[in-house]
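Counting in UniProt numbering, the sequence shown runs from 1 upward without gaps. Where is the CB? At the ideal position from N, CA and C, for every residue including glycine. If you're wondering where the values come from, they're calculated on a predicted model, not measured in any experiment. Below is one structure, written out as structure tokens, with a few remarks after it.
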Amino acid sequence: MGSSISIGFVYGEFSIQAIENEIKRLVKYFVTTDGSLKKMKVSKDIDGEEWLEYDSLINLKVDSIYTTLAENYYGQVEVNSSLFGHKNLTTTIRIEKEEDEGYFGFLLDIDEEELIKTNLASEINSVTEKIVDFITGFYSYSAYDYAFCDNEAEIQYSPRHFKKIESSIYSISVIPTLDGNSNSLNIVRSNWNIDGLTSRI
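So, in structure tokens, the structure goes:
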């Protein structure tokens, strides 16, 4: 397996209930795009040595698993979907918790070879636009504090810290801003593409 295209959603209000609510929304969004849950796993200890794993999930038992994901140390969900114009695209959703800093987030990892087949500029641009549409569309389901996409990216900053940074950190950043009485989404594109190798033209 090669590198991953990573999409991140970051939230500034840390609580177990908020994590549970937002992971439900995210998984539901994937499932409604002709998708399905494949498996979930969660670590019961901080060292990541004792894991609970759930394979062949049926929707009837999933609600209790969301609580387990939110309450424990590390968790991830694997889903298939038809997002970005690909059938059965596998996405791993990892929960990132920074309780001491007061924020949490979800990191979606997609195998770059599944998403970008030819590495042509036209294909990279097309996939990038589909990802931007996904990120901006998801905001109406879940009001994140910022989102991003890049190659092998990680969640590194609290929303408060991220909004103070003036240089580009990710290939694509989406930052909600209050515009009058409603939120608008500011889309920032760096000078490199989501593959992490090519320059944006």
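Asked: Proximity below 8 angstroms, CB of Leu83 to CB of Thr33; Found: yes
Asked: As assigned by DSSP and simplified to three states, the class of Asn21; Found: helix
Asked: Cβ neighbours of Lys41 in the same chain (closer than 8 angstroms, five flanking residues each side left out); Found: Trp51, Leu52, Glu53, Tyr54, Gly75, Gln76
Asked: Status (buried if at least 16 other CB within 10 Å, exposed otherwise) for Leu120; Found: exposed
Asked: Per-residue burial, Leu115 [other beta carbons within 10 Å of its own, 16 or more giving buried]; Found: buried
Asked: Closest Cα partner of Val31 within the set Cys149, Asn80, Glu152; Found: Asn80
Asked: Asn125 - containing alpha helix (DSSP H), residue span; Found: 121 to 138
Asked: Secondary structure, alpha helix (DSSP H): runs of 4+ residues fully inside the segment 22 to 91; Found: 62 to 71
Asked: Nonlocal neighbours in the same chain, by C-beta distance under 7 angstroms from Ile65, ignoring five residues either side; Found: Met40, Tyr54
Asked: Neighbour-count burial assignment, Ala143, 16 or more Cβ in a 10 Å radius; Found: exposed
Asked: Nearest neighbour of Asn151, chosen from Val188, Trp192, Gly35 [CA to CA]; Found: Trp192
Asked: Sequence-distant residues of its chain with Cβ nearer than 8 angstroms to Gly35 (five each side left out); Found: Val79, Asn80, Ser81, Ser82, Leu83
Asked: One or two residues paired with Gly102 in a DSSP bridge; Found: Paired residue(s): none; Gly102 is not in a bridge.
Asked: Distance between Val10 and Val174 (C-alpha atoms, nearest Å); Found: 11 angstroms
Asked: Spatially closest choice to Ile131 from Lys117, Cys149, Glu123, by CA coordinates; Found: Cys149
Asked: Local Cβ density within 10 Å of Ser171, reported as buried at 16 or more and exposed below that; Found: buried
Asked: Coil, strand or helix - Phe162 by DSSP; Found: helix
Asked: Distance, Glu166 Cα to Leu60 Cα; Found: The pLDDT assigned to Leu60 is 48, lower than 50, so where the model puts this residue is not dependable; a value taken from the coordinates is nonetheless given after this. Computed Cα separation, rounded: 46 angstroms.
Asked: Distance between beta carbons of Leu108 and Ile19, contact taken as under 8 angstroms; Found: At roughly 15 angstroms, the Cβ-Cβ gap does not stay under 8 angstroms, so Ile19 and Leu108 are not in contact.
Asked: Straight-line gap, Ser199 to Arg189 (C-alpha atoms, nearest Å); Found: 11 angstroms
Asked: Per-residue DSSP class, three states only, for Leu107; Found: strand
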